[in-house]
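So for the sequence shown, this note's numbering puts the first residue at 1; every next one is plus one. Cβ atoms here follow ideal geometry from the backbone N, Cα and C, with glycine treated the same way. As the structure is a prediction and not an experimental result, all values here were calculated from the model.
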Amino acid sequence: MRLRVAVHNGSTWTSVKNYDLTAGGNRVGDQLPASTQKISIGRVKRSSGDRADNIPASWLLQYQTT
1 MRLRVAVHNG STWTSVKNYD LTAGGNRVGD QLPASTQKIS IGRVKRSSGD
51 RADNIPASWL LQYQTT
């Protein structure tokens, strides 16, 4: 599957990256910018004819201070 990851720094979405993942593949890791407040992770199609990734899924992670 292909995951699209975007980072929000408090005023704009930045650092948009796509990761192609396979069942037997390695883990994927990346360092977040220091100003990160939100992370959007969504499943997207690899190509227009991709039927395996037809089902969208997404998550929004938000950092909050209390």
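Beyond the five residues adjoining it in sequence on each side, Arg4 comes within less than 6 Å, by CB distance, of Asn18, Gly42 and Val44 in the same chain, given in chain order. Taking 8 Å as the upper bound for CB-CB distance, Ser58 and Ser40 are in contact here, some 7 Å apart. In this model, Ile55 and Met1 are separated by some 11 Å (Cα to Cα).
Annotation for Ile55: no beta strand (DSSP E) segment contains it, and DSSP assigns it neither H nor E.
Sequence-distant Cβ neighbours of Ser35 in its own chain, meaning closer than 8 Å and more than five residues away, are Asn9 and Gly10.
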